[in-house]
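Numbering-wise, the sequence shown is residues 1 to 776 according to full-length UniProt numbering.
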Amino acid sequence: MSDDTDSPPEREMKDFQFRQMKKAESLSLLKICQRKDPACSPDRSGGVRVDLTVHHLALSCDELTLSVCGLSEEAGLSLTFYDVRTFVNKARPQKLPFASLLPAVPPGTLVQDLKWNPAHVSMLAVCMSDGSMQILEVADGVRVQAELPAASGITCICWSPKGKQVAAGKMNATVSQYTPALEEKKVIQCPHFYTSDEPVKVLDVLWLRTFVFAVVYAAADGSLETPPELVLISLPKKDERPETKYLNFSDTVYGSCTERQHHYFLSHVEDWDLVFAASAASIEVSVIARQEDKIWELWILEDASRAELPVTETNEDTLPLGLAIDYTSQQEIHITDEKTLPPVPTMLMLSTEGLLCPFSLLNLNPEVKQLVSAPITLTLEGERLPKPGSLATQRPKIAASIPSTPAILGPTVPVSSSSSSFVFSVPTTCSTSAPSAFPLGGSMPFGSASSGFSFASKPPSDTPSAPSAFSFTPSIKPSAVAAPAPTPQSLVAPSPPTVKLNLNERFSALETPAPPSFSFNSSLPKTVVSSSSNLTVPSLSAPKPPAVLAPVRPLQTSTPPTVMQKPAPAAQARVQTPQAAVSVKALEKQLQQKKDSDPIMAGILEEIAHFQKELDELKARSARADFKVGTNEEMKELRKESEDLHIFTLEIKETTESLHGDIGTLKTTLLEGFAGAEEAKAQSELSRDKNYRQLLYKKPLDPRSEEQLKEIRRLYQYVMFAVEDVNDVLDVEWEKHLEKKKKQKHMVVPGREGLFTTLANNLYIINQAEEPIGPA
Numbered sequence: 001m002s003d004d005t006d007s008p009p010e011r012e013m014k015d016f017q018f019r020q021m022k023k024a025e026s027l028s029l030l031k032i033c034q035r036k037d038p039a040c041s042p043d044r045s046g047g048v049r050v051d052l053t054v055h056h057l058a059l060s061c062d063e064l065t066l067s068v069c070g071l072s073e074e075a076g077l078s079l080t081f082y083d084v085r086t087f088v089n090k091a092r093p094q095k096l097p098f099a100s101l102l103p104a105v106p107p108g109t110l111v112q113d114l115k116w117n118p119a120h121v122s123m124l125a126v127c128m129s130d131g132s133m134q135i136l137e138v139a140d141g142v143r144v145q146a147e148l149p150a151a152s153g154i155t156c157i158c159w160s161p162k163g164k165q166v167a168a169g170k171m172n173a174t175v176s177q178y179t180p181a182l183e184e185k186k187v188i189q190c191p192h193f194y195t196s197d198e199p200v201k202v203l204d205v206l207w208l209r210t211f212v213f214a215v216v217y218a219a220a221d222g223s224l225e226t227p228p229e230l231v232l233i234s235l236p237k238k239d240e241r242p243e244t245k246y247l248n249f250s251d252t253v254y255g256s257c258t259e260r261q262h263h264y265f266l267s268h269v270e271d272w273d274l275v276f277a278a279s280a281a282s283i284e285v286s287v288i289a290r291q292e293d294k295i296w297e298l299w300i301l302e303d304a305s306r307a308e309l310p311v312t313e314t315n316e317d318t319l320p321l322g323l324a325i326d327y328t329s330q331q332e333i334h335i336t337d338e339k340t341l342p343p344v345p346t347m348l349m350l351s352t353e354g355l356l357c358p359f360s361l362l363n364l365n366p367e368v369k370q371l372v373s374a375p376i377t378l379t380l381e382g383e384r385l386p387k388p389g390s391l392a393t394q395r396p397k398i399a400a401s402i403p404s405t406p407a408i409l410g411p412t413v414p415v416s417s418s419s420s421s422f423v424f425s426v427p428t429t430c431s432t433s434a435p436s437a438f439p440l441g442g443s444m445p446f447g448s449a450s451s452g453f454s455f456a457s458k459p460p461s462d463t464p465s466a467p468s469a470f471s472f473t474p475s476i477k478p479s480a481v482a483a484p485a486p487t488p489q490s491l492v493a494p495s496p497p498t499v500k501l502n503l504n505e506r507f508s509a510l511e512t513p514a515p516p517s518f519s520f521n522s523s524l525p526k527t528v529v530s531s532s533s534n535l536t537v538p539s540l541s542a543p544k545p546p547a548v549l550a551p552v553r554p555l556q557t558s559t560p561p562t563v564m565q566k567p568a569p570a571a572q573a574r575v576q577t578p579q580a581a582v583s584v585k586a587l588e589k590q591l592q593q594k595k596d597s598d599p600i601m602a603g604i605l606e607e608i609a610h611f612q613k614e615l616d617e618l619k620a621r622s623a624r625a626d627f628k629v630g631t632n633e634e635m636k637e638l639r640k641e642s643e644d645l646h647i648f649t650l651e652i653k654e655t656t657e658s659l660h661g662d663i664g665t666l667k668t669t670l671l672e673g674f675a676g677a678e679e680a681k682a683q684s685e686l687s688r689d690k691n692y693r694q695l696l697y698k699k700p701l702d703p704r705s706e707e708q709l710k711e712i713r714r715l716y717q718y719v720m721f722a723v724e725d726v727n728d729v730l731d732v733e734w735e736k737h738l739e740k741k742k743k744q745k746h747m748v749v750p751g752r753e754g755l756f757t758t759l760a761n762n763l764y765i766i767n768q769a770e771e772p773i774g775p776a
């Protein structure tokens, strides 16, 4: 997507580790609160119903206001605000928002991003999926302080560390800085390495320091194949002249999914100068750190020290739905039996399977600051209550729009030792129209006195699913009936009842199957059947549609006080009174008195007596029967054979797994071979392409090769000049030699002829000397 060739610095870091803790099942997305109620017990639970499809949660900076964003079929987009103290107030069983807002947006618009001001507890910024943006003031009510139209193309927002300005990413790949009144102060342009041929947009932004931003860019067309890229932007200060610096970290994590909408989860630990980045298409978390020389670098952790989400039972990857950091853990970290570290922050990641995966952040670098602090006690002083008018109009609306109310369950919500976890889910594949129910509290598998709040929203019936603020789309389907969970309070909408025969004309026995309560949780895709403790008994003569029951005002019937309700079994949800189990003899005695006056009752009695007679005969025949199948030896032989088959099955399974691993290895090798062959084929075809070779010739060399080429040219010129000098010297010597030859006037006697003359003279002298010696 980018043409930037400069890669950021990387460092292998062994002094920082993600130490995985025990995983636990949760709901969907999470939000960490650093406060707790000391009176809360781990098994405390409650429930809050909202007539919305919840898709975004956020806490204010003082962690006393919770914003819940969702869609409803009647009102569209709604922003409701709860006081956190209401959730722990036992005196208020009904947890209602103290304020709400219905933005004037087109149907189907969602909250794209919502950020509370880190300094002002009552101010927040919100941007919609249509590109509009608003600044809200939340006190006892909600007031729109400023807004931008949808034409602004806002995609994400983030407040400055001091909360004085807000940065907004846009569709045109720019980042604008606004005041709380939405007056534009500065515009950060798109990095130079992105071209207009492949336009990008701002996917997420994180304001790190006054002049440093972390911006995630993604393809403007929403292409899922192109991974987002993380860019650190450093702006020049007022007294500096250097231009804006862009450090492109590209895709810091390996993306293993091309089906989910792109989203980045960025978290900044300011005291450690660390940025954690997780992608919605990756299973791991990357770490970007700032060193003392003000250089940002990517840390490469050891394999055992990385934060990775677990795989499913079928070895499929799970992806993150949310990321948060808890700074209130009070548990020591046991490295070995002798070595123990003090409590450290805990990073919580939620997977698409509903698993809450905590990781301890072990920073073993020297002189690092300890960030863990004790949780703050949450008091009920200053609790904001809903206005009487809003309370009176909200409850009838909910009661009138619910044909059948699901049971409220208190699920297990795992959080860290002293923080509260706010979780919600947005199911997408359910056809019911029941309203949302989000339980408060739950049992904590780890931690001491935390209270967890989980929000489960109703599924959209006609509204198409859109990416939420955390860009997740879990596919959840209701499955088989599971065992009922004990709940402190249940709501049941009975189906049209099956009326039994009124034998005593006083009691009515209803067989009312309890409707299933769908748990819209990513981690619990089951249908939970619960029984009702409050029943509505319709008239037997004219059945009517079932009515919705209020949990605090059960309807009373004409049943005597001795009538009790039995708890629902796992296989069937039935509610019966003890009068339905009256013995046959007592019924016969009662009916015998009316036999003379009521022939219908007499006929019924005869049928009952005949059935009882057949039943007694069947019991007598069954009591005398003695069935014995096989002998003890045959049973031992069968047991031995079954054990042998079990051992053989285990061996076959082990062999199959080994073969599966070998097949996977061979498949990988084969694919690598094919890839190498295709690469070689492509290189071979390119080598025969004249245009490609010309382009290679025209391609500029890298600096090192350029220096080598300059050295070669310099040596070549030196050799050429040396050869020319040698040629000049040789020419001069040759000319001198020719001149010397011209100056020699006498004839030159050949050397062999002089030698011949000398030898001839010697032979003549020898012959002359032999003549006088011979005659004597």
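We put the CB at the ideal spot given by N, CA and C, even for glycine. Note that the structure is a prediction, hence the values are computed from the model and not measured.
If you ignore the 5 residues before and after S286, its C-beta comes within less than 6 Å of the C-beta of T252, V253 and A277, all in its own chain and listed in chain order. Straight-line spacing of the CA atoms in V212 and E284 works out to 25 Å.
In the three-state scheme derived from DSSP, where H, G and I count as helix and E and B as strand, I335 is classed as coil.
DSSP lists L301 as the bridge partner or partners of M13. For T379, there is no enclosing beta strand (DSSP E), as DSSP marks it with neither H nor E. In terms of Cβ geometry, P118 and C158 do not form a close pair [threshold 7 Å]. K170 is the residue among K170, K95 and W207 whose C-alpha sits nearest the C-alpha of C190. Restricting attention to beta strand (DSSP E) runs no shorter than 3 residues, the stretch 100 to 162 encloses them at 111 to 116, 123 to 128, 133 to 138, 142 to 148 and 154 to 159, ordered along the chain. The C-alpha of T656 is placed about 20 Å away from the C-alpha of L670. Taking 7 Å as the cut-off, the beta carbon of K369 is found closer than this to the beta carbon of D271.
Within the stretch 147 to 234, not a single complete alpha helix (DSSP H) segment reaches 4 residues in length. Taking a contact to require three or more Cβ pairs closer than 8 Å, the stretch 67 to 74 and the stretch 359 to 367 do not qualify as touching.
The beta carbons of V200 and Y217 sit about 4 Å from each other, so the pair counts as a contact at 8 Å. Excluding sequence positions up to five before and after A99, its CB lies within less than 6 Å of the CB of F81, G141 and V142, all in the same chain and listed in chain order. A straight line joining the alpha-carbon of K636 with that of S622 spans about 28 Å. DSSP places E63 outside both helix and strand once states are collapsed to three, so it counts as coil. The criterion of a C-beta distance shorter than 7 Å is satisfied by M128 and Q112.
DSSP, reduced to helix, strand and coil, places G70 within a strand of the structure shown. For A289, there is no enclosing alpha helix (DSSP H); the enclosing beta strand (DSSP E) has its first and last residue at V285 to R290. Within the same chain, A289 and R290 come within 7 Å of D273 by CB-CB distance, once the 5 residues on both sides are set aside. A distance below 8 Å between beta-carbons, with the five flanking residues on each side excluded, links E383 to the following residues of its chain, in chain order: D83, R85, T86 and N89. Note that the C-beta distance between W207 and A167 is below 7 Å. C-alpha of N248 to C-alpha of A139: approximately 41 Å in a straight line. Within the DSSP secondary-structure output, T80 pairs in a beta bridge with V68 and S100. Taking C-alpha positions only, P750 is separated from E711 by approximately 55 Å. In this structure, L301 and M123 do not form a Cβ contact; the two beta carbons are roughly 37 Å apart against a cut-off of 8 Å. Put simply, the backbone Cα of L101 is about 10 Å away from that of L136.
Look at L638 here: in three-state DSSP terms it is helix.
L274 sits in a strand when the DSSP states are folded into three classes. For Q20, the three-state secondary structure derived from DSSP is strand.
The beta carbon of T312 sits closer than 8 Å to those of T318 and E353, all from its chain and outside the five residues before and after it, given in chain order. With contacts defined by Cβ atoms closer than 7 Å, E184 and S196 do not form a contacting pair.
The DSSP-derived three-state label of I325 is strand. Of the candidates L230, K238 and K237, the residue whose Cα lies closest to the Cα of Y246 is L230. Taken through DSSP and simplified to helix, strand or coil, E313 comes out as coil.
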